[in-house]
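Per my numbering, residue 250 is the first one in the sequence shown, and the count goes up by one each step.
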Amino acid sequence: MHLTSIPIYDHHAYSLFKEERWRAEPLEHYFTQNPSPEMLPFVRDSLFFRRSLRDLAEFFGCEPSLEALEETRRRHNYPELARWLFAEANISHLLIEDGQSSEDLWRAETYAPHLALGVGRIVQLEAELEKLLDHHDSASRLLQAFEAHLRGLAPSVAAFKSVVAYRSGLDVGRHNLVELERAYSELRRSLTSSQTPRITSKPLLDSMLWMALKVASETGKVVQFHTGYGDPTLDMRLANPLGLRTVLEAPELHGQKIVLLHSYPYVREAGYLASSYPGVYLDLGLTIPAGSVHAMRTALHEATHLAPIRKVLFSTSARHSPEMFWIAARWGRRIVAQVLEQAVYNGDLTNEEAEWAAQRILSLNAAELYGTFASHPTEPMVSLC
250 MHLTSIPIYD
260 HHAYSLFKEE
270 RWRAEPLEHY
280 FTQNPSPEML
290 PFVRDSLFFR
300 RSLRDLAEFF
310 GCEPSLEALE
320 ETRRRHNYPE
330 LARWLFAEAN
340 ISHLLIEDGQ
350 SSEDLWRAET
360 YAPHLALGVG
370 RIVQLEAELE
380 KLLDHHDSAS
390 RLLQAFEAHL
400 RGLAPSVAAF
410 KSVVAYRSGL
420 DVGRHNLVEL
430 ERAYSELRRS
440 LTSSQTPRIT
450 SKPLLDSMLW
460 MALKVASETG
470 KVVQFHTGYG
480 DPTLDMRLAN
490 PLGLRTVLEA
500 PELHGQKIVL
510 LHSYPYVREA
520 GYLASSYPGV
530 YLDLGLTIPA
540 GSVHAMRTAL
550 HEATHLAPIR
560 KVLFSTSARH
570 SPEMFWIAAR
580 WGRRIVAQVL
590 EQAVYNGDLT
600 NEEAEWAAQR
610 ILSLNAAELY
620 GTFASHPTEP
630 MVSLC
């Protein structure tokens with residue numbers, strides 16, 4: 250199967266670095282979830298890094314060594330390189346999570362002049378709640394303000410996203426007002442004026458999520474949940490998507506669209522949920538391309554053990570460097586092709602059905618979930634400001 254002509258609807262990614270930071274950042278940092286100095290020497294031994302080094306050397310036409318690649322890539326004009334890599338990746342739509350706030354990142358208006366694709370915003374719920382902490386003296390008032398804030402944002406964003414898996418886990422509970430106010434008082438006492446707030450209080454985070462899910466349900470917005478693999482601040486024991494059962498069983502959220510991002514190593518669990526709940530979808534971004542080729546193929550095979558094809562999505566989950574978008578798109582298409590060819594060989598699909606499945610996974614499923622919009626460099630549908 251040759252899938253290069255299918256445009257990728259990249260429904261989850263992060264913003265690009267500005268040129269100065271991009272030129273200063275070691276290439277290895279993009280290939281690990283823990284870019285600490287202690288980890289950097291080991292990154293070069295990962296299958297992901299070694300495979301990608303050869304891929305990028307082929308793209309740039311240089312020797313497959315880190316030194317040659319660093320020298321070659323930095324000779325390029327950065328905006329032109331970004332445009333070239335995104336064009337080669339054939340990404341038609343890009344949804345960017347805005348939870349990271351940094352002067353080193355491209356702002357929304359930077360994308361429109363340089364990249365010929367539609368750009369939309371993913372709002373990270375925890376980051377938005379933290380912006381409101383200083384202005385409210387009770388949890389009740391905070392959540393009321395948060396609800397109003399989300400309703401104001403909803404018309405101009407593509408989706409909401411939660412990283413509660415990083416904070417208190419995916420087993421989202423319900424808490425009474427006394428528990429909630431006590432937790433909020435403890436949180437406020439622990440904050441200092443110089444401290445950037447990072448909410449980890451389970452009663453507050455869980456209550457925020459129920460509020461956000463209600464808004465999403467009433468405004469027709471998808472909610473993404475980080476599940477599985479992530480950086481070392483994540484307790485993987487709390488990131489199993491099966492923990493979301495309370496949310497998925499809530500009668501008031503029947504039909505709410507929920508996307509389980511990344512999934513690894515809980516791909517089978519995510520596939521089970523997608524097969525059991527009409528509103529649940531699973532994504533294999535980050536699993537592809539960060540795993541070995543065998544792991545990537547296995548993940549997509551396992552995703553389709555139970556999950557309907559219409560519920561399986563691919564995103565790049567790329568961050569900060571345009572090369573990472575290109576690598577993810579390259580391997581996303583390759584893995585989808587290899588797995589679907591095997592499905593034809595096994596008798597699960599016909600050739601025509603495999604072509605249909607490739608369109609669904611790479612583009613159409615996301616387009617139906619989030620909507621399509623202008624794919625033109627001067628006409629982004631959604632402002633990311």
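Quick reminder that beta carbons are idealized off the backbone N, C-alpha and C, glycines included.
For LYS410, there is no enclosing alpha helix (DSSP H); the enclosing beta strand (DSSP E) has its first and last residue at 408–411. Considered as a whole, the region 301–388 harbours 315–322, 327–338, 357–363, 374–380 as its complete alpha helix (DSSP H) runs of no fewer than 4 residues, in chain order.
Ranked by Cα distance from ARG324, the first of GLY310, GLN505, ALA336 is GLY310. Rounded to the nearest angstrom, the gap between the Cα atoms of LEU334 and LEU429 is 47 Å. For ALA607, the enclosing alpha helix (DSSP H) covers residues 600–608. The shortest CA-to-CA distance from ALA606 to any of THR565, GLY422, VAL561 is the one to VAL561. With a contact defined as Cβ atoms closer than 8 Å, VAL421 and LEU493 qualify at about 7 Å. When DSSP reads this structure, HIS569 sits in a beta bridge with LEU265. As DSSP reads the structure, GLN393 sits in no beta bridge. For THR449 against ARG423, the beta-carbon gap comes to about 18 Å, at or over 8 Å, which does not count as contact. Cβ-Cβ distances below 6 Å link ALA465 to PHE409, VAL472 in the same chain, with the five nearest sequence neighbours on each side left out; the list follows chain order. About 4 Å separates the CB atoms of HIS385 and LEU391; that is less than 8 Å, so the two are in contact.
Rounded to the nearest angstrom, the gap between the Cα atoms of ALA615 and PHE563 is 8 Å. Leaving aside the five residues that flank GLU518 on each side, the residues in its chain whose CB is nearer than 7 Å to its CB run, in chain order, ASN489, PRO490, LEU491. Secondary structure of GLN591 (DSSP, three-state): helix.
The C-alpha of TRP355 lies about 14 Å from the C-alpha of ARG272. Within the region 522–568, the complete beta strand (DSSP E) segments at least 3 residues long are 529–532, listed from N- to C-terminus. Of the candidates HIS363, GLU604, GLU601, SER254, HIS363 places its Cα closest to the Cα of ALA331.
In the three-state DSSP reduction, ILE507 falls in the strand class (E or B). Your pair TYR619 and GLY369 checks out as a contact, with CB atoms roughly 7 Å apart and the cut at 8 Å.
Per DSSP, reduced to three states, the secondary structure at HIS260 is strand. Taking one beta carbon from each stretch, the region 533–551 and the region 502–520 have 3 or more pairs nearer than 8 Å; the two touch. Check the Cα spacing between THR441 and each of LEU382, SER389, ASP455, ASP304: the tightest is with LEU382.
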